[in-house]
Amino acid sequence: MRLSQQLFVTLREEPADAEVRSHALMARAGFILKLGAGLYVYGPMMWRVLRKIEQIVREEHDRIGCQELLMPAVQPRELWDESGRWERYVNDGILFNFRDRKGSEVCLGPTHEEVITHFVRKQVQSWKQLPTTLYQIQTKFRDEIRPRFGLMRGREFIMKDAYSFDANEEGMKDSYAMMRQVYRNIFSRCGLRFTPVEADSGAIGGSGSEEFMVDAETGEDAIAVCHEIGYAANIEKAVSQISAPAGEPEKVEMHKEPTPGAKTCEDLLKLFPDLGVERLLKTVLYEAVWEDREQTIAVMCRGDRELNEVKLLNHLDALNLELADEKLVRSVTGAEPGFAGPIGLRDDVRLLADTSVEGVQGFLCGGNETDTHWLDVWFGRDLEQPETADFGVVQSGDTTVCGKGKIEITRGIEVGHIFQLGTKYSEAMDASFLDENQKKLPLWMGCYGIGVSRVAASAIEQNHDEGGMIWPLPIAPYQVLIVQMKAGAEEQDALCAELEKELEARGVDVLVDDRKKVNPGAKFKDADLIGIPLRIVVGRDAGERRVEWSPRSGGDKEVVTAEEALARVSAAVEAASSVRDSE
RNA sequence: CGGGGAGUGGCGCAGCCUGGUAGCGCACCUGCUUUGGGAGCAGGGAGUCGCAGGUUCAAAUCCUGUCUCCCCGACCA
C-alpha cells in the first residue's frame with residue numbers, strides 16, 4: 115500500500131480535549147475523529163487495527179468451537195420486560211430507547227443477553243444440542259453518564275459478546291473455564307500486559323465473574339492485588355483482613371462532647387488527638403431504592419476505612435444507592451450534615467455497620483445534634499452493635515484473607531469481563547431443553563465480553579512514547595513501514611517497489627511512505643506518531659541495495675542489505691504470530 | 001444529576017475586562033529553491049466569532065436564554 119494514495123492527515127498539535135495519551139495520539143494521527151461526546155469515527159488506519167483485533171478474537175473463539183452470528187442492534191422492549199431489566203436500564207439512564215413509527219418501544223442494544231436467550235430458546239430443544247457457545251462482534255450503545263478518554267468510555271463502541279449454554283452447572287463452569295483461557299490467549303496475542311481479577315457482576319447478574327484488566331495507571335478501575343498469594347480483585351469486590359485497634363480503652367460513661375464545626379474525621383482528630391482514628395466511627399447515610407420502595411440506610415464505619423457502595427448495594431439487594439443529600443440528613447438526624455451517629459436516628463432508618471467496627475469500644479460517634487458527638491460509647495452497653503457485614507474498601511497494606519499476604523492497590527483498564535450467569539435469564543425467559551429423561555430443565559448460561567475498541571486504546575495506553583504510538587505487531591495497522599527518503603529518485607523507487615512486492619508476496623502488511631514533497635524529517639515524525647512497529651528506511655544507499663533497519667520500539671538503527679531487512683521482517687512476523695498464553 | 005470551564009478559518013490559540021466591523025502559529029493552494037529528524041522565500045485561499053434574542057449609531061466584545069463540548073464529583077458526614 116502506498117501512503118501517497120491514501121487519505122492521510124496528521125496534526126502537529128494535540129486536540130485540546132484529549133486527556134489520556136491514547137486519545138491524544140490517536141486523534142493527532144487521524145486514527146479517530148470525534149463526532150460528539152463518546153462518539154468517534156474510526157479512520158482507515160484505526161479500522162485496520164480494529165479488524166486485526168477482531169480477527170484474533172475470531173480465531174481464538176473458533177478454535178474451541180464457538181460459532182459467530184450477528185444479532186440486531188435494535189431490540190424490542192418486550193424482551194427486556196421478560197428479563198426484568200428494562201426499568202433498571204431506563205432508570206440508570208444508560209439505555210438509548212425510543213419508539214418506532216408504530217409507537218412500540220425499542221432500544222439500541224447495550225448488551226444482548228435477552229436476544230441471545232430468545233434465539234436459543236427458539237433453536238435449542240434437546241440436551242443433544244448442548245453445550246453450545248455463540249458470539250458476535252458488533253457495535254454496542256450505552257448512553258454513559260460520563261463518556262471520556264476517547265475510545266476508553268464511548269457511548270457507541272465495538273464489543274465482542276459471547277454466550278455459552280450448558281445442560282447443568284458443571285457444564286457452565288467448564289465452558290467458563292475454556293472461555294477464560296480463550297481470553298488469556300486473545301489478550302496475550304494482542305500484546306497486552308494484563309491481570310485477571312475477581313469482579314462484581316453488576317447489572318448483568320449471575321454468580322461468579324472475572325474481569326481482564328490491562329495494567330495502566332490511567333485505568334478507571336482500581337484493583338487489589340497480592341503477588342505472593344496470587345490474589346487479584348476489583349476494588350469493588352476485594353476483601354481483606356484488618357486488625358482491631360490495640361489496647362483496652364477506659365470504661366468511662368458515655369457522654370456528649372461539644373464539637374463545633376468538626377464535620378470530618380480530620381477535624382475530630384484535632385479535637386481528640388489521643389483517641390486514634392480507629393476509635394472514631396463515622397456514620398454515612400444513604401437512600402436505597404428498590405423496585406417497590408425506598409429506605410434510608412445508615413452505615414457505621416471505622417474512621418480510617420472507606421465504605422464500598424457496591425458491596426452495600428449487593429447486601430441490600432437494592433436497585434440503586436445514593437448518598438443522602440443535606441435535606442435528608444437533616445430530616446433523619448435532626449442535625450446539620452457532619453454529625454450523624456447511630457444513637458437517636460429517625461425510627462425508619464435501617465442501621466448497618468461495616469465489619470471494621472467490630473471490636474471497637476469506647477469510641478466517638480456523631481451525636482445527631484449539630485456541633486455534638488458522643489464519646490466513650492460502648493457496643494452492648496450504650497447501644498446494640500448493629501448488623502455487620504463487609505462494606506469496606508480494601509486498602510493498600512491490608513492483610514489478605516488467608517493471612518499470608520499484603521494487598522497492594524494498582525489500576526487497570528477493563529477490556530474483558532466473563533460471567534457465570536447460571537439460570538437467571540433462562541428461567542426468566544423460559545429458555546429450556548429436554549434432558550435424557552424428557553425432563554424440562556433451564557439452560558445454564560455464561561456470558562463473555564471484550565471491548566474491541568477499548569483493547570485498541572489500551573494497547574496505546576501501554577505502548578507509546580514522546581513521539582507517538584507503538585503498536586504491538588499483531589494488531590498494528592501495518593506490520594512494516596518503508597520510509598522512502600526521496601520519492602522519485604530512481605534507485606529508491608525501484609528498491610521500494612521490490613521490497614513492497616516481496617513483502618506482500620510473503621503475506622506481510624506493508625505501507626510505503628512514498629509521499630513526494632514531504633521532507634525526511636516530517637516523514638520520520640509521522641512514522642513515529644503512527645507507530646508501525648517494523649521500519650525500513652530506503653535512502654541514499656538504495657543503489658547498493660542497502661537500507662536502514664529501525665524498529666519503532668527503539669533499539670539501534672542499523673544499515674543492512676535489502677535481503678537482510680526482508681529476513682528480519684519475516685522473523686519478527688513469525689515470532690509475533692506464535693504468541694500464545696499458557697497459564 | 002450537581003459543580004467548574006470552554007465554544008473565534010481544518011487544528012492550536014489571542015482579541016472580550018475598557019464595544020468601532022477579526023488576528024497569530026500550524027495546516028492548505030501556486031511558484032521557485034531544498035531533501036536523513038516537522039525546510040526557505042514569494043504569492044494566495046479560507047472564519048455571518050456555537051445558536052437565538054436584547055441593549056446600542058455600532059456587538060466576537062455588554063445582557064438574557066439556549067445548544068454543544070471538556071473537566072471534577074457522582075464522595076466520608
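Counting with my numbering, you get residues 115 to 697 for the letters of the first sequence. Beta carbons: idealized from backbone N, C-alpha and C, even for Gly. From a predicted model like this one, the values you see are computed outputs, not experimental measurements.
(message) Taking DSSP's pairing of strands, which residues face residue 523 in a bridge?
(response) The count along the first sequence starts at 1 and reaches residue 523 at position 409. In the DSSP output, where bridge partners are listed per residue, residue 523 has 338.
(request) Check residue 158 in the structure and name its three-state DSSP category. (result) Residue numbering aside, residue 158 sits at position 44 when the first sequence is read from its first letter. In the three-state DSSP reduction, residue 158 falls in the helix class (H, G or I).
(request) Flag this pair as touching only if the stretch 270 to 288 and the stretch 550 to 570 have three or more C-beta atom pairs under 8 angstroms; answer yes or no. (result) Because the criterion of three Cβ pairs below 8 angstroms is met, the stretch 270 to 288 and the stretch 550 to 570 touch.
(request) Give me the Cα-Cα distance between residue 168 and residue 197, rounded to the nearest whole angstrom. (result) Taking the first residue of the first sequence as position 1, residue 168 is located at position 54. Taking the first residue of the first sequence as position 1, residue 197 is located at position 83. In a straight line, the C-alpha of residue 168 is about 29 angstroms away from that of residue 197.
(message) Assuming contact is defined by CB atoms lying nearer than 8 angstroms, are residue 237 and residue 184 in contact in what I supplied?
(response) The residue labelled residue 237 in the question sits at position 123 within the first sequence. The residue labelled residue 184 in the question sits at position 70 within the first sequence. Their beta carbons are not under 8 angstroms apart, which means residue 237 does not touch residue 184 by this criterion.
(message) Quick check on residue 637: buried or exposed, where buried means 16 or more other Cβ atoms within 10 Å of its Cβ?
(response) One-based indexing of the first sequence puts residue 637 at position 523. The Cβ neighbour count for residue 637, taken over all protein chains shown within 10 Å, is at least 16; the residue is labelled buried.
(request) Give the range of the beta strand (DSSP E) segment to which residue 416 is assigned. (result) The residue you call residue 416 lines up with position 302 of the first sequence. Unbroken beta strand (DSSP E) run through residue 416: 408 to 416.
(request) Excluding the 5 residues preceding and the 5 following residue 430 in the sequence, name in chain order all residues of the same chain whose CB lies nearer than 6 angstroms to its CB. (result) For the purposes of this step, residue 430 is identified with residue 316 of the first sequence, where counting begins at 1. Cβ neighbours of residue 430 beyond the five flanking positions: 402.
(message) Restricting to Cα atoms, I'd like to know which of 464, 437, 463 is closest to residue 451.
(response) In the first sequence, counting from the first residue as 1, residue 451 sits at position 337. With respect to the C-alpha of residue 451, the residue from 464, 437, 463 having the closest C-alpha is 437.
(message) From the DSSP secondary-structure annotation, give me the bridge partner or partners of residue 510.
(response) By 1-based counting over the first sequence, the position of residue 510 is 396. The partner list for residue 510 (beta bridge, DSSP) is empty, contrary to what the question assumes.
(message) Taking the alpha carbon of residue 665 as the reference point, which residue from 659, 677, 657, 682 has its own alpha carbon closest?
(response) Here residue 665 is taken as the residue at index 551 of the first sequence, counted from 1. Here the closest residue by C-alpha is 682.
(request) Look at the alpha carbon of residue 481 and the alpha carbon of residue 455, and state the distance between them as a whole number of angstroms. (result) On the first sequence, residue 481 is found 367 positions in, with the first residue counted as 1. On the first sequence, residue 455 is found 341 positions in, with the first residue counted as 1. In a straight line, the C-alpha of residue 481 is about 5 angstroms away from that of residue 455.
(request) Could you check the C-alpha separation between residue 490 and residue 343 for me, to the nearest Å? (result) Within the first sequence, the letter at position 376 stands for residue 490. Within the first sequence, the letter at position 229 stands for residue 343. Approximately 39 angstroms between the Cα atoms of the pair.
(message) Using a Cβ-Cβ cutoff of less than 8 angstroms, which residues in the same chain neighbour residue 244 once the five nearest sequence positions on both sides are dropped?
(response) Taking the first residue of the first sequence as 1, we reach residue 244 at position 130. The answer, listed in chain order, is 238, 279, 280, 281, 285, 547, 557.
(request) Name the one or two DSSP bridge partners that residue 116 has. (result) Here residue 116 is taken as the residue at index 2 of the first sequence, counted from 1. Its beta-bridge partners are 626.
(request) Determine, using beta carbons only, whether residue 355 and residue 155 come nearer to each other than 8 angstroms. (result) Reading the first sequence from its first residue, position 241 is the one you call residue 355. Reading the first sequence from its first residue, position 41 is the one you call residue 155. Taking 8 angstroms as the Cβ cut-off, residue 355 and residue 155 do not qualify as a contacting pair.
(request) Using only alpha-carbon positions, find the residue among 262, 119, 347 that is nearest to residue 135. (result) In the first sequence, residue 135 corresponds to position 21, counting from 1. Of the candidates 262, 119, 347, the residue whose Cα lies closest to the Cα of residue 135 is 262.
(request) Apply the 10 Å Cβ neighbour rule to residue 585 and answer buried if 16 or more other Cβ atoms are within range, or exposed otherwise. (result) Here residue 585 refers to the residue found at position 471 of the first sequence. It counts as buried.
(message) Runs of 3 residues minimum, wholly inside the stretch 613 to 682: which ones carry the beta strand (DSSP E) assignment?
(response) Those beta strand (DSSP E) runs which fall completely within the stretch 613 to 682 and span 3+ residues are 624 to 627, 648 to 652, 660 to 663, 672 to 675.
(message) Distance check for residue 264 and residue 449, CA to CA, integer angstroms please.
(response) For the purposes of this step, residue 449 is taken as the residue at position 335 of the first sequence. For the purposes of this step, residue 264 is taken as the residue at position 150 of the first sequence. If you take the alpha carbons of residue 449 and residue 264, they lie about 44 angstroms apart.
(message) Relative to the C-alpha of residue 400, which candidate in 409, 259, 394 has its C-alpha closest?
(response) Taking the first residue of the first sequence as position 1, residue 400 is located at position 286. Cα-wise, what sits closest to residue 400 is 409.
(request) Could you pull out every unbroken alpha helix (DSSP H) segment of at least 4 residues lying fully inside the stretch 529 to 583, listed in chain order? (result) Taking 4 residues as the minimum length, the alpha helix (DSSP H) runs contained wholly in the stretch 529 to 583 are 538 to 542, 566 to 576, in order along the chain.
(request) Tell whether a beta-carbon distance below 8 angstroms holds between residue 574 and residue 139. (result) Working through the first sequence from its first residue, we reach residue 574 at position 460. Working through the first sequence from its first residue, we reach residue 139 at position 25. The answer is yes: Cβ separation under 8 angstroms.
(message) Below 8 angstroms on the Cβ atoms is my contact criterion, and I expect residue 497 with residue 487 to pass it. Report the Cβ-Cβ distance as a whole number of Å.
(response) Against the first sequence, residue 497 aligns to sequence position 383. Against the first sequence, residue 487 aligns to sequence position 373. That belief does not hold up - the Cβ atoms of residue 497 and residue 487 are roughly 14 angstroms apart, past 8 angstroms.
(request) Apply the 10 Å Cβ neighbour rule to residue 213 and answer buried if 16 or more other Cβ atoms are within range, or exposed otherwise. (result) Taking the first residue of the first sequence as position 1, residue 213 is located at position 99. If you draw a 10 Å sphere on the C-beta of residue 213, you find fewer than 16 other C-beta atoms in it, and that means exposed.
(message) Could you compute how far the alpha carbon of residue 387 sits from the alpha carbon of residue 378?
(response) Here residue 387 refers to the residue found at position 273 of the first sequence. Here residue 378 refers to the residue found at position 264 of the first sequence. One C-alpha to the other measures close to 14 angstroms.
(message) Quick check on residue 425: does DSSP put it in helix, strand or coil?
(response) Start at 1 with the first residue of the first sequence, and residue 425 comes out as number 311. Helix, per DSSP.
(request) Identify which residue in 612, 635, 166 has its Cα closest to the Cα of residue 626. (result) Sequence index remark: in the first sequence, residue 626 carries index 512 (1-based). Checked all of 612, 635, 166; the closest Cα to residue 626 is 612.
(message) Less than 6 angstroms between C-beta atoms, sequence neighbours within five positions excluded: which residues of the same chain meet that for residue 371?
(response) Translated into positions along the first sequence, residue 371 becomes position 257. Once the five neighbours on either side are set aside, the close Cβ partners of residue 371 are 487, 489.
(message) Can you tell me whether residue 253 is helix, strand or coil according to DSSP?
(response) For the purposes of this step, residue 253 is taken as the residue at position 139 of the first sequence. The three-state reading of DSSP puts residue 253 in strand, counting E and B together.
(request) Please report the residue range of the beta strand (DSSP E) in which residue 308 lies. (result) Walking along the first sequence from the start, residue 308 turns up at place 194. DSSP places residue 308 in the uninterrupted beta strand (DSSP E) bounded by 308 to 312.
(request) Quick one: using the 10 Å Cβ neighbour count with 16 as the cut-off for buried, is residue 510 buried or exposed? (result) Translated into the one-based positions of the first sequence, residue 510 becomes position 396. Classification of residue 510: exposed, given that the 10 Å Cβ count is below 16.
(message) Based on DSSP bridge pairs, tell me the residues matched to residue 486.
(response) Here residue 486 is taken as the residue at index 372 of the first sequence, counted from 1. Paired residues: 372, 483.
(message) Using a 10 Å radius around the Cβ and a threshold of 16 neighbouring Cβ atoms, would you call residue 267 buried or exposed?
(response) Residue 267 sits at position 153 when you count from the first residue of the first sequence. So residue 267 counts as buried.
(message) Measuring only the C-alpha atoms, how far is residue 177 from residue 171?
(response) Numbered from 1 along the first sequence, position 63 holds the residue referred to as residue 177. Numbered from 1 along the first sequence, position 57 holds the residue referred to as residue 171. Looking at the two C-alpha atoms, the distance is approximately 10 angstroms.
(request) Could you tell me whether the stretch 600 to 617 touches the stretch 289 to 299, using the rule of 3 or more Cβ pairs below 8 angstroms? (result) With a cut-off of 8 angstroms, the stretch 289 to 299 and the stretch 600 to 617 do not count as touching, because too few Cβ pairs lie within range.
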